[in-house]
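Add 186 to a position in the sequence shown, counting from 1, and you land on the number used in the working numbering.
Worksheet: one structure, shown below.
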Amino acid sequence: MLFGLDGVEIGLIIVFLCLFGGILSGFPVAFAIGGAAVISFGIIAVLDSAGILVHQAVDTGSDAYRALTGSGVSPNDISKFRFPELPLYSEPLFPGGWELALDRFGSRGLDTLLARAIHYARDGFPVSEQIARQWAGSAGKLSVHSDSKRVWLPGGKAPAA
């Protein structure tokens, strides 16, 4: 729970913001394929499984915490930021959130849901004429390093519109 919302509700808020951002960004492909929704849930799943979305709090059962409160420090004044030496405990913010979202709202498998996002991530996506011109204009700078040339200039040239 974060701000009284479970992981699925937080995910839906992120999806809405990603879709809205996709519309405003000038990349209608991201909106058209629904990739923002899939990608945002994918990001949540990856961060959660990597242990990045973890809630840490001061262990109020520790001897150090009891000693601090016993010395007159108010529990309301104790935080992991003011007393970083205090032991912490960790717990996932959204335990099983990805599975819960699929169980609650899902009607398709991950292979189907992520197919278009994976396709565009692997094979690229259409760019506008203006972006293609700007990309081509930067080809000289992108060619300086072999890795940037390999990533940003597939086949040795900038993508066409």
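Heads up, the beta-carbon is just placed ideally off N, CA and C, and yes, glycines get one too.
{"Asked": "Bridge partners of glutamine 242, per DSSP?", "Found": "Ser276"}
{"Asked": "Would you call the region 241–259 and the region 267–275 touching, i.e. three or more CB-CB distances under 8 Å?", "Found": "yes"}
{"Asked": "Would you mind working out which of Pro261, Arg290, Gly256 and Lys343 sits nearest glycine 326, comparing C-alpha positions?", "Found": "Lys343"}
{"Asked": "According to DSSP, is leucine 339 part of a helix, a strand, or is it coil?", "Found": "coil"}
{"Asked": "Could you check the C-alpha separation between arginine 268 and serine 260 for me, to the nearest Å?", "Found": "12 Å"}
{"Asked": "Within this structure, are the beta carbons of serine 329 and leucine 339 separated by less than 8 Å?", "Found": "yes"}
{"Asked": "Beta-carbon separation of serine 314 and alanine 347 under 8 Å?", "Found": "yes"}
{"Asked": "Please state whether DSSP places serine 334 in a helix, a strand or coil.", "Found": "helix"}
{"Asked": "Contact check, alanine 307 vs proline 345 under 8 Å by CB: the rounded distance?", "Found": "Wrong, their Cβ atoms sit about 14 Å apart, outside the cutoff."}
{"Asked": "In the DSSP assignment, find the alpha helix (DSSP H) that holds alanine 344 and state where it starts and stops.", "Found": "Alanine 344 -> no alpha helix (DSSP H), and no H or E assigned at all."}
{"Asked": "Can you tell me whether glycine 326 is helix, strand or coil according to DSSP?", "Found": "helix"}
{"Asked": "Could you tell me the distance, in whole angstroms, from the CA atom of lysine 155 to the CA atom of tyrosine 251?", "Found": "One cannot answer for residue 155 here, as it falls past the ends of the chain, which runs 187 to 347."}
{"Asked": "On the DSSP letters alone, give me the boundaries of the alpha helix (DSSP H) that arginine 302 sits inside.", "Found": "296–309"}
{"Asked": "Pick helix, strand or coil for valine 201, following the three-state DSSP scheme.", "Found": "helix"}
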